[in-house]
Amino acid sequence: RFSQHSYVHSNRALKNKSISPEAWTVPQLNLMLRWYRRPEDAPLPTKKAERLVRYYEICARGDPPIPDLLTELPPKRAVPTFFLPASLPLLPTPSIESAPGECTSTAAAK
3 RFSQHSYVHS
13 NRALKNKSIS
23 PEAWTVPQLN
33 LMLRWYRRPE
43 DAPLPTKKAE
53 RLVRYYEICA
63 RGDPPIPDLL
73 TELPPKRAVP
83 TFFLPASLPL
93 LPTPSIESAP
103 GECTSTAAAK
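Note that the sequence shown ends on residue 112 in the numbering used here; no numbers are left out.
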């Protein structure tokens, strides 16, 4: 699929060429039909001659408005509390008696 930017760019490039619609290839004609098409229109015809007739019917509508691109990120939503993990128990802290590598009086007696 076309991204919005490449779709607009392809459309403008085709309009700037001095080629009559009758000389367009089928993909070029499809591009222009998708450009002028509106949601309430009937499905696109299957034959090139019928598509060309449809193009001439809808091309006088003018260009559709180009949507604005996002310039800012939308604000972050607060995370519901049921998604947050329950508080975890504290990890044990090392004590002097259980430090590895040290000899204690009980360990030496054994």
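Here a beta-carbon is modelled for each residue, glycine too, at the ideal position from N, C-alpha and C.
To the nearest angstrom, how far is the alpha carbon of L35 from that of V55?
The residue you call residue 35 lines up with position 33 of the sequence shown. The residue you call residue 55 lines up with position 53 of the sequence shown. For L35 and V55, the distance between alpha carbons rounds to 10 Å.
Out of P96, S89, E59, P67, which has the shortest C-alpha to C-alpha gap to K10?
Taking the first residue of the sequence shown as position 1, residue 10 is located at position 8. Residue 10 is actually Val in this sequence, not Lys. Among P96, S89, E59, P67, the Cα nearest to that of V10 is on P67.
State the start and end residues of the unbroken alpha helix (DSSP H) segment that holds K78.
Taking the first residue of the sequence shown as position 1, residue 78 is located at position 76. Element bounds for K78: n/a, residue is neither H nor E.
Below 8 Å on the Cβ atoms is my contact criterion, and I expect I60 with Y38 to pass it. Report the Cβ-Cβ distance as a whole number of Å.
Counted from its first residue, the sequence shown places residue 60 at position 58. Counted from its first residue, the sequence shown places residue 38 at position 36. Under the criterion of beta carbons closer than 8 Å, I60 and Y38 qualify as touching, at roughly 4 Å.
Ordered along the chain, which non-local residues of its own chain (more than five positions away) have a Cβ less than 8 Å from that of L31?
As a first step, residue 31 is located in the sequence shown; it is residue number 29 there, counting from the start. Excluding residues within five positions, the ones whose Cβ falls inside 8 Å are P23, K50, R53, L54, Y57.
Please report how far the alpha carbon of P96 lies from the alpha carbon of A88, in whole angstroms.
Taking the sequence shown and counting its residues from 1, one reaches residue 96 at position 94. Taking the sequence shown and counting its residues from 1, one reaches residue 88 at position 86. Rounded to the nearest angstrom, the two C-alpha atoms are 24 Å apart.
With DSSP as the reference, label A15 as helix, strand or coil.
The count along the sequence shown starts at 1 and reaches residue 15 at position 13. Of the three classes helix, strand and coil, the one that applies to A15 here is helix, per DSSP.
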